[in-house]
Amino acid sequence: MSELLELRGVGKRFPGVVALDDVDFTVRAGEIHALLGENGAGKSTLIKVLTGVYPADEGEFRLGGASIRPGSPRAAEELGISTVYQEVNLVPSLSVAENITLGRQPGRAGLLNWRAIRRRARAALARLELDCDVDAELGALSVAHQQMVAIARALDTRARLLILDEPTASLDEHEVAELFKIMRQLRADGLGIVFVTHFLDQVYAVTDRLTVLRNGARVGEFATAGLPRLELVGRMLGREVSAAEFAAQGAASPADHAAPPVLATHGLGRRGAVAPFDLSLRGGEVVGLGGLLGSGRTETARLLFGLDRADSGTISVHGAPCRIDSPREAVRLGLAFCSEDRKAEGLLPNLSVRENLLIAQQGRRGALRALTRAEQEQLCAHYIAALQIKTPDPETPVKNLSGGNQQKVLLARWLATQPAVIILDEPTRGIDVGAKQEIEQLIAGLRADGLAVLFISSEIDEVVRNCSRVLVLRERRLTGEIADGDLTADHLMHLMAGTHE
Amino acid sequence: MKVRSPLLWPLAGFVALLLLNAVFNPAFLKITLLDGHLYGVPVDILVQGSRTMLVALGMTLVIATGGIDLSVGSVVAIAGAVCAVLLQDGHGLALTLVAAVGAGVLAGSANGLLVARLGVQPIVATLILMVAGRGVAQLLVDGQVIIIASAPFEFLANGFVLGLPLAPLLVAAAYVSAHLLLRRTALGLFVEAVGDNEQASRFAGLAAARIKTLAYVFCGACAGGAGILTAANIRAADAYRAGENMELDAIFAVVVGGTALTGGRFLILGTAIGALLIQTLTTTMYNLGVPPAVAPVPKALLIIGVALLQSERTTRWLRGLAGRKEAA
Ligand SMILES: Nc1ncnc2c1ncn2[C@@H]1O[C@H](COP(=O)(O)OP(=O)(O)OP(=O)(O)O)[C@@H](O)[C@H]1O
Ligand SMILES: [Mg+2]
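So the protein lines, in turn, are chains D and U.
Counting from 1 along the first sequence, just add 306 to a position and that's the residue number in our numbering.
Counting from 1 along the second sequence, just add 19 to a position and that's the residue number in our numbering.
Rendered as structure tokens:
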């Protein structure tokens, strides 16, 4: 088989970090090649130097035998490299159609042919079987839909090489299946595909070969089928792992039903977002919120956290009725909400890891009771160690961290407020296998300390593994609940899809 | 790699300009003691620059929240008019000063309300007051230039304490207090958080709207203070001309000082240096006899120069050039 892409000796340094060190990487035409590694291993950086987002310090790039050195993503695109970056880099204020065709709009003499733009966008979306208004403003879509639009954009070119950096992080099973179908079809057409993911199931489902990076260096290249899962994890983490370590955790112990709920709602709802629902969370339990994309999971969380105003119903915290009409109020009452959209709703990109970490706690204390520098540093040191956040130092701007490490910073931000209830919306999005394990353990530990957790995840296994019961949402309505004994992935899936036997 | 201080370029520009002046005019840097008071061009720069410095202090916070305040010049005129009217009517100095700053606070609250609560674009919101404010000032003084004959009032802008000019001392005190207020509490961090990503700071539980409003109120108060100094300096309230183009100088000072117009990180000290740099340039051109109509050109060149030096892309490009030469 022919080598489509050949990278030799690629190196890239950032202040305080060697992101890539003498990395070789080859992709053949007609294969799907997984690029794997822990958070901060250098996967995204490799993709970015290859596509001209930043210059490589050293190394040689060949595409189809010819030496290339694209100076910008646009130039890479012209060479036939189409990329979906980890951080969706589309324009939120433009329409879906404009985003898909941006920079290559059909038209003549500077005039845009709007009909052609829409037609092309619709065709691109249809390939993904995505039903979405091409005139909608991109920013108004859910993260998952934005992700799909980014993929549709990447497919809208005549590429020889398609690069997908964690495209499935916020997608549901159904969308993932659609994406895989297209990837296989493109592979049959002779494209080379680079696929970054932290989901090992997906690696084994679609990829032919894989390359593992660790700490910026290449560990090796393997045929996917010939590498057992445990060995793969071991290569990524750089140590032996035992099967027991990654076995299912002990099922969550049922919470003490005598205790009053930490958070309870009665008929809480908002027209057009979620139908009125009753919910009660007890200290020490992890409750899942299950549902398909668009079933109202995030809307429910927004309502609880005061981001949207409820138009019916009541909320009580620790048995006391209260009004939550702003996140500030929610935080004051001991709630925490780790949003799924870390770029728009989480990160303060130019501020340091330290500042990002303490902002919620400082907000809760108020401006006048500033944490001392020593307290801040202690807090940082604690969470950087506890969550193994990979950063050169606490003063690094958080935008310079890898995607998974940014996610850990946001988790730490909320844990630092020592909340009574934490709502986690896709908390393990983009987090590597090792860290996922740590975070799940952390959640288990928090539960033992009496924290109530509302857990939202599109990964059904993750929900089943972590939760003692799951509330199921369908079409923006709470339709059922599965408790301990009945909680299986199958059962949950049926309830979510509404095909309950 | 060492992180270079963002204050480097404005400071370098300031020093370079002073040296350039000193070379062409050795008397430029000379400071003399006359009647126990300090005199000389540098003192003059401090005195004349103090008003811009004060306005730019408030502007720094507004820009840090990702906004802009175009109305400061008009607020200077309003505050001056308030002073003139109250002093003319025989009110005491204390009441006059409080009322003038109060007028600024009121203007700032209006801006804050429009921007933070009603979601009007900062440029549009403050443009309203920029235009209407002059009218308000005219109304207050009835279209006249009112002469102010109050020695203690004039002393604020032109007086000396222990041989040192009072106005720069007052402004320096404002800078120090602002610094302590912002950095000893978490207010500065909150402002930077809101400017960096407003939505994310709201999600983190910050009262983003209130923080933004406070920035505009503070900016209004600073403009009110500058209005007092302006009126005291010329001993008159000139609703037409007072504070003219002040918003531009203030914005220049903030940007040259290293605070980005996109919001987020702010540098108060940088703003002070930026304001002095601009005043030095103004004074230089005045001394060189450059006609006022031409004066904005060198100012613009200077600002472009500093802005380019601060941009990451140019630095990278310059470094690339240097590297290529070394390699050759
Ligand atoms: N612009 C930057 N400036 C400084 N350091 C950076 C920058 N981008 C990445 N890094 C550093 O380079 C290293 C590799 O980051 P990279 O984003 O490539 O990781 P990754 O393998 O994609 O991880 P993840 O799975 O979390 O997305 C990290 O330590 C990160 O902190
Ligand atoms: Mg990455």
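Just so you know, even glycine gets a beta-carbon here, dropped at the ideal spot from N, CA and C.
- In this structure U/L208 is not in contact with D/E384, their Cβ atoms being roughly 43 Å apart against a cut-off of 8 Å.
- Put simply, of D/A795, D/S708, D/E765 and D/H572 the residue whose alpha carbon is nearest the alpha carbon of D/K349 is D/S708.
- Under the DSSP definition of a beta bridge, D/R576 partners with D/V580.
- Secondary structure at D/V739: helix, using DSSP grouped into helix, strand and coil.
- Collapsing the DSSP output to three states places U/G121 in a helix.
- When the alpha-carbon of D/R603 is set against those of D/V512, D/P379, D/L313 and D/A450, the nearest one is in D/A450.
- Boundaries of the alpha helix (DSSP H) around D/P379: P379 to E384.
- Along the stretch 128-146 of chain U, none of the residues has a CB nearer than 7 Å to a CB of chain D.
- Identification of chain U residues near D/L657 by a Cβ-Cβ cut-off of 7 Å yields E211, A212 and D215, ordered along the chain.
- For U/S220, the nearest beta carbon of chain D is closer than 8 Å to its own beta carbon.
- The beta carbon of D/V329 sits no closer than 7 Å to any heavy atom of ligand 1.
- Assignment of D/S601 by DSSP, reduced to helix, strand and coil, places it in the coil class.
- Spatial neighbours of D/V525 in its own chain (CB-CB distance under 6 Å, excluding positions within 5 residues in sequence) are listed in chain order as V518 and R541.
- Cα atoms of D/A803 and D/H797: separation of roughly 10 Å, rounded to the nearest angstrom.
- Considering only D/L639, D/D699, D/C644 and D/L477, the residue with the shortest C-alpha distance to D/R671 is D/L639.
- Look at D/F505 here: in three-state DSSP terms it is coil, with no helix or strand label.
- Under the three-state reduction of DSSP, D/H339 is assigned to strand.
- Between D/P567 and D/S774, the alpha-carbon positions lie close to 15 Å from each other.
- Any heavy atom of ligand 1 counts here; residues with a Cβ closer than 5 Å to one of them, in chain order, are D/F320, D/V323, D/A325, D/N345, D/G346, D/A347, D/G348, D/K349, D/S350, D/T351, D/N706, D/L707, D/S708, D/G709 and D/G710.
- The C-beta of U/A205 has 16 or more other C-beta atoms within 10 Å across all chains shown, which makes the residue buried.
- DSSP places D/T794 in no alpha helix (DSSP H); its state is neither H nor E.
- Inter-segment contact for the stretch 164-177 of chain U and the stretch 625-632 of chain D is absent: fewer than three beta-carbon pairs are separated by less than 8 Å.
- Runs of the beta strand (DSSP E) lying entirely within the stretch 446-516 of chain D, each at least 3 residues long, are 467-471 and 498-502 in chain order.
- Not one beta carbon of chain D lies nearer than 8 Å to the beta carbon of U/T79.
- Think of a sphere of 7 Å around the beta carbon of U/G283: the chain D residues whose beta carbon falls inside it are N656, in chain order.
- For U/I230, the enclosing alpha helix (DSSP H) begins and ends at A227 to I253.
- Contact between U/E263 and U/L89 is ruled out by a C-beta separation of about 13 Å, above the 8 Å threshold.
- Inter-residue distance for D/R490 and D/A483 is about 11 Å (C-alpha atoms, whole angstroms).
- Those residues of the stretch 390-422 of chain D placed with their C-beta closer than 9 Å to a C-beta in chain U do not exist.
- D/E651 belongs to the set of residues whose beta carbon lies under 8 Å from a beta carbon in chain U.
- By alpha-carbon distance to D/S308, the top candidate from D/R466, D/Y510, D/L477 and D/A666 is D/R466.
- The count of Cβ pairs closer than 8 Å, one atom from the stretch 317-328 of chain U and one from the stretch 93-106 of chain U, stays below three, leaving the stretches out of contact.
- Counting of Cβ neighbours within 10 angstroms places D/E537 among the exposed residues, the total staying below 16.
- Under a 10 Å Cβ-count criterion, U/Q140 is classified as exposed, with fewer than 16 other Cβ atoms of the shown protein chains found around its own Cβ.
- Of the residues assessed, U/H110 falls on the exposed side of the cut-off, its CB having fewer than 16 other CB atoms within 10 angstroms.
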